[in-house]
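Asker: Residue numbers (our numbering): 14 to 228. Glycine is no exception: its CB is placed at the ideal position from the N, C-alpha and C atoms. Fair warning: this is a prediction, and the values are worked out from it, not measured in the lab.
Right under this line is the structure:
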């Protein structure tokens, strides 16, 4: 797969981290044996360039009418800038909320009523933050063609939320991609791979089970 080198770099540089004995807790409350910190990708020039090229290819394929690339604050902004450069398109970014001074802008950059915006975020769990950005752009009177993301956990909540918002999502990498390719490359043992697959089948049930063990 063309994304093999990206996945290998994510694991090798601990952007994807495992902790099977002491799970991570996500903002949603889910406990997990895996944690991804895609903010670290900006420090690796070759990796971030591969990611930008992959996202640009996705946008050419799935959003051929895109006229503007938008970054979702904060983690999506640098990746959106690199993708916009590769595509030769204008860049905007969307704050999590309007500024409380000046012009009180939430959207920075120039848009017109005929533009088709593709928003970029680093990772998708439930999709809450990027869909807030989608709503902000639409409420300002502009069109959002869809979302492109580096990575999605493939949680059912995200599928439901994007469907409800009538917004397509195209990810460069999925959770399944990452654990399967890391296993194939020898970066995960068979036991680790099975453990991660078990968690992903029902992370909330896994969370409750781990919480019971902690008690």
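Given a threshold of 16 other Cβ atoms within 10 Å of its Cβ, counted over all protein chains shown, does residue 135 qualify as buried or as exposed?
Answerer: buried
Asker: Which residues share a DSSP beta bridge with residue 164?
Answerer: 136, 186
Asker: Strictly by DSSP, which residues pair up with residue 28?
Answerer: Note: residue 28 sits in no beta bridge, so no partner.
Asker: Can you tell which of 172, 169, 124, 163 has the C-alpha that lies nearest to the C-alpha of residue 150?
Answerer: 124
Asker: DSSP beta-bridge partners for residue 49?
Answerer: 29
Asker: Evaluate residue 32 with the Cβ neighbour count: other Cβ atoms within 10 Å of its Cβ, from every protein chain shown; 16 or more gives buried, anything less gives exposed.
Answerer: The residue in question, residue 32, is exposed, as its Cβ has fewer than 16 Cβ neighbours within 10 Å.
Asker: Is it right to say residue 142 is buried, meaning 16 or more other beta carbons lie within 10 angstroms of its own, or is it exposed?
Answerer: buried
Asker: Can you give me the Cβ contacts of residue 14 inside the same chain, cut-off strictly under 8 Å, excluding the 5 residues immediately before and after it?
Answerer: With a pLDDT of only 48 at residue 14, under 50, the local geometry of the prediction cannot be trusted, and no value is derived from it.
Asker: Based on DSSP bridge pairs, tell me the residues matched to residue 105.
Answerer: 83
Asker: Opposite residue 124 in the DSSP bridges: which residues?
Answerer: DSSP lists no partner for residue 124.
Asker: How far does the alpha helix (DSSP H) with residue 56 in it reach, from first residue to last?
Answerer: Careful: residue 56 lies outside any alpha helix (DSSP H) and carries neither H nor E.
Asker: Hey, would you say residue 28 sits closer than 7 Å to residue 53, going by beta carbons?
Answerer: yes
Asker: Does the region 181-189 come into contact with the region 150-167, if we say contact requires no fewer than three beta-carbon pairs (one atom in each stretch) closer than 8 Å?
Answerer: yes
Asker: Since residue 211 is in the alpha helix (DSSP H), which residue starts that stretch and which ends it?
Answerer: 203-214
Asker: Using a Cβ-Cβ cut-off of 7 Å (strictly less than) and excluding sequence neighbours within five positions of residue 153, which residues of its own chain qualify?
Answerer: 120
Asker: Can you list, in chain order, the residues of its chain with a C-beta nearer than 7 Å to that of residue 201? Leave out the 5 residues immediately preceding and following it.
Answerer: 192, 195
Asker: Less than 6 Å between the CB of residue 161 and some heavy atom of the ligand NAP, yes or no?
Answerer: Ligands in the displayed structure: none, and consequently the ligand NAP is not present.
Asker: By alpha-carbon positions, which one of 214, 38, 96 ends up nearest to residue 132?
Answerer: 96
Asker: Residue 36 lies in the alpha helix (DSSP H); which residues open and close that run?
Answerer: That residue, residue 36, is in no alpha helix (DSSP H); it is neither H nor E in DSSP.
Asker: In whole angstroms, what separates the C-alpha of residue 75 from that of residue 225?
Answerer: 44 Å
Asker: State whether the region 85-103 contacts the region 55-63, with contact taken as three or more CB pairs (one from each stretch) at a distance under 8 Å.
Answerer: Touching, per the Cβ criterion.
Asker: Kindly indicate if chain C contains any beta-carbon less than 7 Å away from that of residue 38.
Answerer: Looking at the structure shown, chain C is missing, and only one protein chain is on hand.
Asker: Do residue 82 and residue 102 have their beta-carbon atoms positioned less than 7 Å apart in this structure?
Answerer: yes
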